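Have a look at the structure below, then the notes.
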Amino acid sequence: ATPTCPRTDCAMPTPSDATVDPSVPTEDPAWRELLAEPAERFERRIGKAKRLIYPRRTAEDWRKASFASDTALAAQLEAIPDNGPRIDTREVSREEFVRDWEQPRRPVVIRGATESWAAGAAGDRQGRGGAWSLGELLRQYGGERFKVGEDDDSYAVWLKLKYYLRYLATSRDDSPLYVFDSSFAERSGTSRLGRDYAPPHYFADDLFRYAPRREAAERQPRGTGAPHFRAPLWAGGGTHGTGRSPSPPGG
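For the sequence shown, the working numbering gives the first residue as 20, with consecutive numbering after it.
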């Protein structure tokens, strides 16, 4: 039987042997300062979050498949044909979308929806320019907490963004922790993020406004204070994710 992890740092693989992800703007002073901080505090925060979310997972379990360094796996993924249909919001009207895709219930990839978003601007290698670039997120929200999972009692597990970003930059975990936060737009410290994007015009009609408010309140996840039907904030590394499934409200 696999031994359970005791309440120590056993679930926190040391990042000292990990290289910094090339997408990280290491020229950014805020990032240089974060990466230069002593590892102990960072390791304690990440280790505690891991133990709360996956109490029976050992340190070896986090990296045993070596997905993060498996070039053969990456090649297999790139070889999968991408033949899904695509439409562009700037070329297909709402009426056409409803007629050709929504009513027939045909899946489609929607492109062009983020062009006008402040969140869509990536910024430069120094982390400047984009509201949701790694540099700006660290500067503006590094001290704010985001939900990275739930414990066995379905209570939210939180991490300060600066600790999560450092983990993201150095993690070699097979399936790393990821941000899945439905209440960010209700919290004072992060509510501005909710103004950096907007739903595509295809979905301008919010059907949940027809739901009774009591029913909406009953959909709130424990420990978050947010309705299940709000689109959550997702953020994570290259090998994180979940299995394919139909998504219920807030799922």
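Backbone N, C-alpha and C fix where the C-beta goes; we use that ideal spot for every residue, glycine too.
In this text, all values refer to a predicted model and were calculated from it rather than measured experimentally.
- DSSP places W253 in the strand class (E or B) of the three-state scheme.
- With a cutoff of 8 Å on beta-carbon distance, T258 and A98 are scored as not near each other.
- Look at the beta carbons and you see the stretch 154 to 162 not touching the stretch 123 to 130: under three pairs across the two are nearer than 8 Å.
- Two segments are said to touch when three or more pairs of C-beta atoms, one from each, lie closer than 8 Å; by this definition the stretch 173 to 185 touches the stretch 51 to 71.
- When DSSP states are grouped into helix, strand and coil, G66 belongs to the helix group.
- For E169, the uninterrupted beta strand (DSSP E) segment begins and ends at 164 to 169.
- Cα atoms of G208 and Y186: separation of roughly 21 Å, rounded to the nearest angstrom.
- The C-beta of W50 has 16 or more other C-beta atoms within 10 Å across all chains shown, which makes the residue buried.
- Put simply, the stretch 188 to 207 does not touch the stretch 215 to 232. Fewer than three CB pairs are less than 8 Å apart.
- Burial state of W81 is buried, judged by a 10 Å Cβ sphere holding 16 or more other Cβ atoms.
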